[in-house]
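Written below as structure tokens is the structure these notes are about.
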Amino acid sequence: MSAGKHIPLDDTSRRDPGLWPRLSDPDWVALHAPRFTELRPRFESCAAALTAVLNMARKKLAVEAIIQVRAKEVPSFAEKILRKRDGYSKPKCGLNLEL
0 MSAGKHIPLD DTSRRDPGLW PRLSDPDWVA LHAPRFTELR PRFESCAAAL
50 TAVLNMARKK LAVEAIIQVR AKEVPSFAEK ILRKRDGYSK PKCGLNLEL
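Mind the numbering: the sequence shown is residues 0 to 98 in numbering that gives the first Met the number 0, read in order.
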């Protein structure tokens with residue numbers, strides 16, 4: 000799933016999103032995985048806060064709900080950014096709630 004001619008992962012390619020589509024798959028992961036690893040503790044904090052808020056709402060509204068919140072693991076993130084490489088230009092966050 001490599002994307003065209005190899006562009007080396009250097010300071011220029013790291014700063015220029017226009018070059019990102021031309022990075023090799025290993026360089027694509029090398030660019031984004033460390034950034035995700037650095038931000039992951041924030042996602043874990045957000046997951047904990049979201050769980051608390053949803054549990055309070057569930058109790059107040061007296062509804063039955065399954066609440067499952069987690070921060071994606073780094074290997075899972077790396078696999079997903081390769082699998083969905085063409086569809087992701089910016090980091091995204093999502094929530095699935097089942098009542």
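The beta-carbon is built from N, C-alpha and C at its ideal position, and this holds for glycine as well.
Next item on the list: Label residue 28 either buried or exposed according to how many other C-beta atoms from any shown protein chain fall within 10 Å of its C-beta, with 16 as the threshold for buried.
Entry: Your numbering for residue 28 matches position 29 in the sequence shown. Taking all protein chains shown into account, residue 28 has 16 or more neighbouring C-beta atoms within 10 Å of its C-beta and is therefore buried.
Check: Alpha carbon to alpha carbon, what distance is there between residue 63 and residue 98?
Finding: Counted from its first residue, the sequence shown places residue 98 at position 99. Counted from its first residue, the sequence shown places residue 63 at position 64. Taking the straight line joining both Cα atoms gives about 6 Å.
Notebook entry, point to check: Is the number of C-beta pairs between the region 46-57 and the region 8-21 that are closer than 8 Å three or more?
Noted result: The region 46-57 makes no contact with the region 8-21; the number of CB pairs closer than 8 Å stays below 3.
Notebook entry, point to check: Does DSSP put residue 80 in a helix, in a strand, or in coil?
Noted result: Residue mapping note: residue 80 aligns to position 81 of the sequence shown, counting from 1. Secondary structure at residue 80: helix, using DSSP grouped into helix, strand and coil.
Check: What is the rounded straight-line gap between the Cα of residue 14 and the Cα of residue 67?
Finding: Locating residue 14 in the sequence shown gives position 15, where the first residue counts as 1. Locating residue 67 in the sequence shown gives position 68, where the first residue counts as 1. Cα-Cα distance, rounded: 35 Å.
Margin query: Just to confirm my understanding: we take residue 65, look at its own chain, exclude 5 residues before and 5 after, and list those with CB closer than 6 Å. What are they?
Written below: Taking the sequence shown and counting its residues from 1, the one referred to as residue 65 is at position 66. Apart from the 5 residues on each side of it in sequence, residue 65 sits with its Cβ closer than 6 Å to the Cβ of 97 in its chain, given in chain order.
Note to self: Distance check for residue 74 and residue 40, CA to CA, integer angstroms please.
What the structure shows: By 1-based counting over the sequence shown, the position of residue 40 is 41. By 1-based counting over the sequence shown, the position of residue 74 is 75. Residue 40 and residue 74 have their C-alpha atoms spaced approximately 15 Å apart.
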